[in-house]
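Taking it in order: structure first as structure tokens, then the write-up.
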Ligand code: ATP
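Structure follows, in structure tokens:
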């Protein structure tokens, strides 16, 4: 980012929009650029509370009088003769007012050849249409390893164990990736205070603090899973695909010349294990799994808030990369993105656009794993070739797959599978999803437990008979999905030949 910003300043861009909530870090980055510039540039800050002040150690002393109003401040900037960088903090609530927009347009028109640049710094991106063509937008990324190293070194200075091995240092740094500088400072301090030291054994404290912070931000969720990919019955093709890519994000794969996988879309009937696939892939690949909750991205309280939420979530995911970004029910998340300009001022359309652009342009290794139940609600753009590496269709399990699922869930509950006739169970549960099979076992267990005895084959069969599976209650929807997927998606089950059409 620093490089990008520096290039824009060198190229004498008159107006730059820096999207960040880390003001102090961003100010320092700008000050460094200003010093390196030829001719050197002075740095000034504007806030609605103080007006314009000179950037430095004792800023209050050099307040420029009568510059609290945005218009007066911009006018003051126009009058300056020396080369300068003028940072306007949180101008976004005022930027839509016609005089402010006009003042800004006049100002930037007058900047030609003056080595003056206005930098708008705000956590929310809000640009009036009149200025859209004149402004260069930069997203200020979260701190990288070397910036975090400064934070860690400061904390180590205060602790008794100033010397730590390079290996430990790297682990402590990696564990804080994805946090802002302030957050990293807090987390290191907390780890230090808890144990009175900062060594490798504190990495777990840093990690769990980080998970809490990410959860508190509310848009991303850190998911963890104890189950392995072997706890999914069936879907052999899909599992093979995932196993083949288990080392895809390693240095070795890069040296070999392999491209990094971008993402996969899993279409399927509800309850067939789509979520389970995402969770166990995180274990298989050894990458963190971050769930993006699109419902929480939308926030109508302030204009631009939803966009800022999405941008921050994607930024966090990138800074934690390599990572898996899991979006459950992509169809629901973006179903309103088409003609909803009337209903929500076009927010969902813009969010959808930003997400697609990000998917297209992302360079960090963030693997997008998305699921969908209803293909007709999914915007066509997602289905276009090349958007995802692969689109898999997880159908209702075949007889063989159902046997495997029964085996897995009975073993999970520490039951001797030789007591059960799996073949018969698979037969009577035709049309059942994995989730429904699991539910039937649980129901059988409750029944027997209430009668203070062990559950049997017959209890499971009774539970199956008492269940009306989704495939029966939602026949139309399931058939429509199947018909669509048969043409356009890759079956997750072992092979098309083995794939048996279930009639119901
Ligand atoms: P939804 O579309 O409703 O979110 P889903 O397809 O994501 O459903 P999961 O939530 O992953 O389904 O499945 C629910 C539970 O059902 C799983 O946690 C797992 O215990 C069980 N299950 C589903 N499919 C399988 C399977 N193929 N093998 C083993 N267990 C399964």
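Numbering (the working numbering), first residue to last: 82 to 585. Cβ atoms here follow ideal geometry from the backbone N, Cα and C, with glycine treated the same way. Just so we're clear, the structure is a prediction, and the values are computed from it rather than from any experiment.
For residue i, count neighbouring C-beta atoms within 10 Å of its own C-beta (all shown protein chains included) and say buried if the count is 16 or more, exposed if not.
i, result
"residue 549", "exposed"
"residue 268", "buried"
"residue 208", "buried"
"residue 285", "exposed"
"residue 340", "exposed"
"residue 308", "exposed"
"residue 315", "buried"
"residue 448", "buried"
"residue 225", "exposed"
"residue 130", "exposed"
"residue 274", "exposed"
"residue 498", "exposed"
"residue 578", "Its pLDDT being 39, under 50, residue 578 is placed unreliably in this model, and the value from its coordinates should be taken loosely. Classification of residue 578: exposed, given that the 10 Å Cβ count is below 16."
"residue 490", "buried"
"residue 656", "This structure cannot speak to residue 656, because the chain is shown only from 82 to 585."
"residue 95", "buried"
"residue 326", "buried"
"residue 482", "buried"
"residue 457", "exposed"
"residue 240", "buried"
"residue 393", "buried"
"residue 519", "buried"
Here's a check: name, in chain order, each residue in its chain whose Cβ is nearer than 6 Å to the Cβ of residue i, leaving out the five neighbours to either side.
i, result
"residue 89", "97 and 217"
"residue 106", "262"
"residue 235", "none"
"residue 203", "171 and 173"
"residue 127", "133, 154 and 169"
"residue 569", "none"
"residue 205", "173, 385 and 389"
"residue 584", "Note that residue 584 scores a pLDDT of 38, beneath 50, so its modelled location is shaky; the value from the coordinates is reported in the next line. There are no such residues."
"residue 379", "387"
Would DSSP call residue i helix, strand or coil?
i, result
"residue 391", "helix"
"residue 404", "strand"
"residue 334", "helix"
"residue 180", "helix"
"residue 433", "helix"
"residue 326", "coil"
"residue 571", "strand"
"residue 89", "helix"
"residue 414", "helix"
"residue 121", "coil"
"residue 163", "coil"
"residue 203", "strand"
"residue 126", "strand"
"residue 83", "helix"
"residue 547", "coil"
"residue 220", "strand"
"residue 228", "helix"
"residue 313", "coil"
"residue 195", "coil"
"residue 37", "Only positions 82 to 585 of the chain appear in the structure, and residue 37 is not among them; the question remains open."
"residue 185", "helix"
"residue 562", "helix"
"residue 214", "coil"
"residue 158", "helix"
"residue 172", "coil"
What residues in its chain sit with their C-beta under 7 Å from that of residue i, if we drop five residues either side in the sequence?
i, result
"residue 484", "503, 504 and 507"
"residue 320", "310 and 313"
"residue 85", "219"
"residue 296", "302 and 303"
"residue 101", "107, 202, 204 and 221"
"residue 181", "151, 152 and 175"
"residue 477", "350, 353, 512, 514, 552 and 583"
In chain order, what residues of the same chain have a beta carbon less than 8 Å from the beta carbon of residue i, not counting five sequence neighbours either side?
i, result
"residue 470", "342, 343, 344 and 345"
"residue 422", "Because residue 422 sits at a pLDDT of 43, beneath the cut-off of 50, its placement in the model cannot be relied upon, and the point is left open."
"residue 149", "129, 130, 131 and 132"
"residue 408", "372, 373, 375, 414, 449, 450, 451 and 452"
"residue 538", "500, 501, 502, 505 and 506"
"residue 92", "none"
"residue 488", "314, 498 and 503"
**Message:** If we require 3 or more residues per run, which beta strand (DSSP E) segments fall completely within the stretch 436-463?
**Reply:** 447-453
**Item:** alpha helix (DSSP H) runs contained entirely in the stretch 247-308, provided each spans 4 or more residues
**Value:** 247-257, 262-276 and 284-297
**Prompt:** What runs of the alpha helix (DSSP H), each 4 residues or longer, lie entirely inside the stretch 462-541?
**Reply:** 480-493, 503-509 and 515-531
**Asked** Fully enclosed by the stretch 344-388, which beta strand (DSSP E) runs are 3 residues long or longer?
**Response** 344-349 and 370-373
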